[in-house]
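A.B. asks: In my numbering, the protein residues as written are 3 to 283.
Built from N, CA and C at the ideal position, the CB exists for glycine as well.
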Ligand code: FES
């Protein structure tokens, strides 16, 4: 039986970058079981005592035995309340939820691809795959520098001409990365994240790559087309509006092809990680 824990977590770190916030929470019951690709639900109990009935889902960006990390942008009253949390405050969370990413045997390099806040689950995956001895690289994309949820670094830059910046969240695990921005910004690739993926694939044709991606639907759709044309294996983490987070409300359905038939799956319990060759986007 799957073990879920609803716990009171302590905020142990809170910082912000651009319009994004990173919370590190002490929750050993959840942290010790969390796997990359899984998420937690946060219950919003605001300072006026108002309780939002439906919790909010957040990908786990990092976990060790004691603590987990989440990254979020303020998009409504719930996240506005979370943005005001300070070190020492507590919040109710449930997790770990959902199916995790898995390593695809037979591949020799993992290419992690994230768009915007969709990059959130990938640093944890980078850390775990790297620890397994897998060769991992990452490509991150956003519209502009101010839409980046993570800081840049100068170490572990993926070797692509003109690129001099990497993503600090994966550089800290020794994973090389590159950044694609739709605005001109020194040290980054000028174009979409998918264009940069294509560029990387062209220069790594002799490698058996697995693509792990999370981000906007349009980005996933383009990637899905490329993976299907080139028979590239991989896994996508799908973002969907969620209410209960545990398969009860049926509010997070997505469509997949299974045994030649279209079927509905619940992102919260059947995903959020799916085979891109089966997903209907
Ligand atoms: Fe309720 Fe998925 S969020 S079923």
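Any idea which residues DSSP pairs residue 92 with across the strands?
C.D. replies: 12, per the DSSP bridge assignment.
A.B. asks: Rounded to whole angstroms, what's the CA-CA distance from residue 142 to residue 30? Just pull it up for me.
C.D. replies: Near 30 Å, if we compare the C-alpha coordinates of residue 30 and residue 142.
A.B. asks: How about residue 121 and residue 216: do their beta carbons lie closer than 9 Å?
C.D. replies: In this structure, residue 216 lies closer than 9 Å to residue 121 by Cβ.
A.B. asks: In this structure, how does DSSP classify residue 71 when only helix, strand and coil are distinguished?
C.D. replies: DSSP places residue 71 in strand when its eight states are reduced to three.
A.B. asks: Across the stretch 222-232 and the stretch 169-183, are there enough close Cβ pairs to call them in contact, namely three or more that are closer than 8 Å?
C.D. replies: Touching, no.
A.B. asks: Measuring alpha carbon to alpha carbon, tell me which of 176, 149, 105, 24 ends up nearest residue 140.
C.D. replies: With distances taken between Cα atoms, residue 140 lies closest to 176.
A.B. asks: With 16 as the cutoff for other CB atoms within 10 Å, does residue 232 come out buried or exposed?
C.D. replies: It counts as exposed.
A.B. asks: Output needed for residue 16: all residues of its chain with C-beta closer than 8 Å, excluding positions within five of it in sequence on either side, in chain order.
C.D. replies: Hits under 8 Å: 23, 24, 25, 26, 87, 88, 89.
A.B. asks: In chain order, what residues of the same chain lie with their CB nearer than 6 Å to the CB of residue 244, ignoring the 5 residues before and after it?
C.D. replies: Closer than 6 Å at the Cβ level, and outside the excluded window around residue 244, lie 59, 254, 270.
A.B. asks: In whole angstroms, give me the CA-to-CA distance for residue 264 and residue 65.
C.D. replies: Straight-line Cα distance between these residues: approximately 35 Å.
A.B. asks: Can you list, in chain order, the residues of its chain whose CB lies under 8 Å from that of residue 267, leaving out five sequence neighbours each side?
C.D. replies: Result list for residue 267: 255, 256, 257, 258, 273, 276, in chain order.
A.B. asks: Looking at C-alpha atoms only, which residue of 208, 163, 40 is the closest neighbour of residue 198?
C.D. replies: Per the Cα distances, 163.
A.B. asks: Go through its chain and collect everything with a Cβ distance to residue 170's Cβ below 7 Å, but skip five positions before and after it.
C.D. replies: Closer than 7 Å at Cβ, skipping near neighbours: 152, 153, 154, 155.
A.B. asks: Inspect the beta-carbon positions of residue 38 and residue 131 and report whether they are closer than 9 Å.
C.D. replies: Going by C-beta atoms, residue 38 is nearer than 9 Å to residue 131.
A.B. asks: Check whether the Cβ atoms of residue 147 and residue 117 lie closer than 9 Å to each other.
C.D. replies: Not a contact, by the Cβ cut-off of 9 Å.
A.B. asks: Shorter than 8 Å, the distance from the beta carbon of residue 250 to the closest heavy atom of the ligand FES, or not?
C.D. replies: Yes, the beta carbon of residue 250 sits closer than 8 Å to at least one heavy atom of the ligand FES.
A.B. asks: At a cut-off of 8 Å, would you count residue 253 as near the ligand FES, judging by its Cβ distance to the nearest heavy atom?
C.D. replies: Result yes, Cβ under 8 Å from the ligand FES.
A.B. asks: Buried or exposed: residue 230, going by 16 or more other Cβ atoms within 10 Å of its Cβ?
C.D. replies: When all chains shown are included, residue 230 counts as exposed.
A.B. asks: CA-CA distance, residue 34 and residue 128?
C.D. replies: Those two C-alpha atoms are separated by around 17 Å.
A.B. asks: Would you tell me roughly how many angstroms separate the C-alpha atoms of residue 62 and residue 248, rounded to the nearest one?
C.D. replies: About 16 Å.
A.B. asks: Can residue 6 and residue 98 be called in contact, C-beta distance under 9 Å?
C.D. replies: Contact: yes.
A.B. asks: Compare the C-beta of residue 257 against all C-beta atoms of chain D and say whether one is closer than 9 Å.
C.D. replies: Absent from the structure: chain D. Only one protein chain is present.
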